[in-house]
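In this note's numbering, the protein residues as written are 99 to 283.
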Amino acid sequence: MVSGVDEAGRGPLAGPVVAAAVILPKDSFIQGVNDSKKLSEKQRDILFEKIKKTALAFSIQVVDNSVIDKINILQATFLAMKKAVENLAVKPDMILVDGNHKIPDINISQTAIVGGDAKSACIACSSILAKVTRDNIMRAYAQQYPQYNFEQHKGYGTKKHIESIMKFGPCPIHRKTFAPVKDFI
99 MVSGVDEAGR GPLAGPVVAA AVILPKDSFI QGVNDSKKLS EKQRDILFEK
149 IKKTALAFSI QVVDNSVIDK INILQATFLA MKKAVENLAV KPDMILVDGN
199 HKIPDINISQ TAIVGGDAKS ACIACSSILA KVTRDNIMRA YAQQYPQYNF
249 EQHKGYGTKK HIESIMKFGP CPIHRKTFAP VKDFI
């Protein structure tokens, strides 16, 4: 059994990092699956449900901004990925990880694949699950903190987002160790 693993949310100034792990049935094919960044929001939302129905196992894990600030974004990403793999209902024999780093402290054979979300269906599925989950979290935060417009930029450092931080200061979901947020604390 092979599990793909990917994350969403390493670069934003606010919110969590989310990782997903997906094991697909052998010879399965889900029409339209691709790197989540190459799909529209509507396409991702439709595929999110199809992936959950098709997968032999999947796990989605969230590591919030307070943990990111304590252990740094790379370690928080590894933590989310490790938790995603460990919480699969089926234990994989092999993990395909998107990117150039293997997940530390996990006793399963792994291969890191740069651009893996465009090369492996199980990584692409993980990418979609992680992205949709994170976007939904950020939309919920937009209700709680409407002045930051999280529903639009999902916490990324857009001009409008940085202007909001300058005007209102950081809110509780901002990553306090990230520039330029740390300049306003």
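Cβ atoms here follow ideal geometry from the backbone N, Cα and C, with glycine treated the same way. Computed from a predicted model, the values in this text were never measured in an experiment.
Check: Quick one, are the C-beta atoms of Arg273 and Asp167 less than 8 angstroms apart?
Finding: Between Arg273 and Asp167, the gap from beta carbon to beta carbon is short of 8 angstroms.
Next item on the list: Just confirm the distance between the C-beta atoms of Gln159 and Ala178, as a whole number of angstroms; I'd bet it's less than 8 angstroms.
Entry: Between Ala178 and Gln159 the Cβ distance is about 5 angstroms, and since that is below 8 angstroms, they are a contact.
Item checked: Alpha-carbon spacing of Gly109 relative to Asp125, whole angstroms -> Roughly 34 angstroms between the two C-alpha positions.
Next item on the list: Spell out a yes or no on whether the segment 212-226 and the segment 115-124 are touching, meaning 3 or more CB-CB pairs, one atom from each, closer than 8 angstroms.
Entry: When C-beta atoms of the segment 212-226 are compared with those of the segment 115-124, three or more pairs fall below 8 angstroms, so the two segments count as touching.
Next item on the list: Grab the span of the alpha helix (DSSP H) containing Ala277 for me, first residue to last.
Entry: Counting along the chain, Ala277 falls outside any alpha helix (DSSP H), and DSSP gives it neither H nor E.
Notebook entry, point to check: What three-state label does DSSP hand Asp125 in the structure shown?
Noted result: Coil, per DSSP.
Notebook entry, point to check: Residue range of the beta strand (DSSP E) that Ile211 falls in?
Noted result: Note, Ile211: beta strand (DSSP E), Ser207 to Ile211.
Margin query: Please return the same chain residues whose Cβ sits closer than 6 angstroms to the Cβ of Lys148, not counting the five positions on each side in sequence.
Written below: Closer than 6 angstroms at Cβ, skipping near neighbours: Ile128.
Notebook entry, point to check: So, Ile206 versus Pro190, is the Cβ gap smaller than 8 angstroms?
Noted result: A contact, by the Cβ cut-off of 8 angstroms.
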